[in-house]
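Peer 1: First the structure, which I've put down as structure tokens, then a few questions once you've had a look.
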Amino acid sequence: MPSAKSYTSTLKFLHWFMAIAIIGLFIAGYVMTSMAPSELKWATYGMHKSLGFVMLVLLFVRLLSRMLRSPKIKSHSISAVHHFLIKISVPVLYLVILCMTLSGFVMSDAGGYGINLFSLYELPLLLPHCIIILF
Ligand code: HEM
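Each residue of the sequence shown is one higher than the last, beginning at 14 in my numbering.
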């Protein structure tokens, strides 16, 4: 399998875009859940869910890209421990993002609330309505 010498500019852009978006999602998540019911609250929920869904899609894009072109870690200047930490932190981070996005998606979808992607396209509900998940 070919292995890339370093990260491409597209992957670098994806990395920073996702990093900033995930920090924004954390902040928006905590802010929106503590807001009083209002148009702004539901609009924030809508944006949170849309952007969160985009993160889920981009996660798969990055996984696919890693499978096709695994970036090499330049190991000559770092210790074996550092190298090992880099190696395990990537799958751990991917797993955390997968859990965050999937749990949000399942909670919303199974509760009967679909995702209206940036108010442009209503995604169909994929899961059967399940009241138990709401508790
Ligand atoms: C990396 C992506 C995501 C991050 C970091 C994130 C983060 C958060 C945080 C921090 C909260 C507040 C939790 C609380 O205080 O109870 C929250 C709430 C919520 N998130 Fe996300 N989220 C993500 C993706 C998603 C996705 C993909 C969806 C749905 C499609 C979603 C739907 C929700 C909903 C509906 C709530 C409100 C829960 C409630 O009202 O109790 N999230 N999210």
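C-beta: ideal position from N, C-alpha, C; glycine also.
Would you mind working out which of Ser-132, Tyr-126, Glu-52, Thr-57 sits nearest Val-44, comparing C-alpha positions?
Peer 2: Nearest of Ser-132, Tyr-126, Glu-52, Thr-57 to Val-44, Cα basis: Thr-57.
Peer 1: At the level of alpha carbons, what is the spacing between Leu-76 and Met-120?
Peer 2: Each residue's alpha carbon lies about 24 Å from the other.
Peer 1: Under three-state DSSP, which class holds Tyr-134?
Peer 2: Strand, per DSSP.
Peer 1: Could you tell me which of Lys-62, Leu-24, Pro-104 sits nearest to Ala-41, measuring between CA atoms?
Peer 2: Comparing Cα positions, the closest option is Lys-62.
Peer 1: Just mark Lys-100 as buried or exposed, buried being the case when its beta carbon has 16 or more other beta carbons within 10 Å.
Peer 2: Exposed, by the Cβ-count rule.
Peer 1: Would the C-beta of Met-68 count as close to ligand 1, meaning under 8 Å from any of its heavy atoms?
Peer 2: The answer is yes for Met-68.
Peer 1: Using the rule of at least 16 other Cβ atoms within 10 Å of the residue's Cβ for burial, across every protein chain shown, is Met-48 buried or exposed?
Peer 2: By the neighbour-count rule (16 or more Cβ atoms within 10 Å), Met-48 is not buried but exposed.
Peer 1: Taking His-142 as the reference, give the member of Gly-124, Ile-110, Phe-30 with the closest Cα.
Peer 2: Ranking Gly-124, Ile-110, Phe-30 by Cα distance to His-142 puts Gly-124 first.
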